[in-house]
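In this note's numbering, the protein residues as written are 66 to 331.
Presented below is the structure to which this report refers.
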């Protein structure tokens, strides 16, 4: 609102006589339209800073999965963008916007892409400060070169990566587990993923299973109910539709992770 007041009071703005027409909603639209269409050109204008530009042609292309084939030719002073596949006559020409999650696409680009190959969902985890072994676990996380407080992500094709699995194992360790790891002959990284600590892995998967189950219950609606909502044409607005779309994507991640944990516990 401060910026809106500044614009309304600006002498130049007054001379344009736009004060009575320039509303907060229009301001939000103008800012979002500009901010979501900025492109960083990998060319150092003054040797120190990259240049942010608007490329109208890019706005004509919708996003699809693929590879990023856009670059700046500094010798010819032109922006170059190649298609990542052959397009047939009459086929819509799409481009790859970059490896963003659907949450990032919604915030920065104004859409949700259910088929997003680069989608991921953040899960908030961390070593509790009330844990009696908090300092030792933080130290072990440091030795394993993993964060003790995230961020951690569930990925589309790799629900639980090595970093998350290591953290989960450290998080559920008892003092005896800690002693066994720190006094082992193998490298800590190899030891914690070895069969010797298979019981610890089961405890880790049990912890994650229970956590994602709680997250699913916290939504207040089921995945099936949200999918039915998307089939209805009575959704109040496009914004609500996209919010439900994102919620569906998140629930699919949590549900898949839940099943993955079950598989590793049987």
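Every residue, glycine too, gets a C-beta built ideally from N, C-alpha and C.
Keep in mind the model is a prediction, meaning the values are calculated, not measured.
| request: Have a look at 312, 221 and 295 and flag the residue whose alpha-carbon is nearest the alpha-carbon of residue 284. | output: 312
| query | Can you tell which of 326, 226 and 160 has its C-alpha closest to the C-alpha of residue 134? | reply | Out of 326, 226 and 160, 160 has the C-alpha closest to the C-alpha of residue 134.
| said: Spatial neighbours of residue 105 within its chain, please: C-beta separation below 7 Å, excluding the five flanking residues on both sides. | reply: 115 and 117
| In the DSSP assignment, what are the bridge partners of residue 103? | 119
| field | C-alpha gap between residue 322 and residue 224, whole angstroms | value | If I take the Cα positions, the gap works out to 6 Å.
| Below 7 Å between beta carbons: does that hold for residue 235 and residue 273? | no
| Where do the N-terminal and C-terminal ends of the alpha helix (DSSP H) with residue 320 fall, by residue? | 303-330
| Residues near residue 167 in its chain [Cβ-Cβ closer than 7 Å; skip 5 each side] | 177, 178, 181, 184, 311 and 314
| said: Spatial neighbours of residue 120 within its chain, please: C-beta separation below 7 Å, excluding the five flanking residues on both sides. | reply: 104 and 144
| field | 7 Å Cβ cutoff met for residue 186 and residue 270 | value | no
| message | Just list the residues that DSSP pairs residue 136 with in beta bridges. | response | 145
| task | Flag this pair as yes or no: are the beta carbons of residue 172 and residue 126 separated by less than 7 Å? | result | no
| query | Can you list, in chain order, the residues of its chain whose CB lies under 6 Å from that of residue 281, leaving out five sequence neighbours each side? | reply | 319
| query | Cα-Cα, which of 164, 231 and 155 is closest to residue 192? | reply | Considering only alpha carbons, the answer is 231.
| Nearest neighbour of residue 266, chosen from 330, 199, 208 and 80 [CA to CA] | 330
| message | I need the boundaries of the beta strand (DSSP E) containing residue 213, first residue and last residue. | response | For residue 213, there is no enclosing beta strand (DSSP E), as DSSP gives it neither H nor E.
| query | What's the C-alpha gap between residue 203 and residue 244? | reply | 14 Å
| Euclidean distance between Cα positions of residue 292 and residue 303 | 15 Å
| message | What does the alpha-carbon distance come out to for the pair residue 338 and residue 190? | response | An answer regarding residue 338 cannot be provided, because it is not within the stretch 66 to 331 covered by the chain.
| query | In or out: residue 238 buried (at least 16 other Cβ within 10 Å) or exposed? | reply | buried
| Bridge partners of residue 188, per DSSP? | For residue 188, which the question treats as bridged, DSSP gives the partners 217.
| field | For residue 124, the nearest candidate out of 199, 175 and 287 (CA to CA) | value | 175
| said: Given a cut-off of 7 Å on the beta-carbon distance, is the pair residue 228 and residue 211 in contact? | reply: yes
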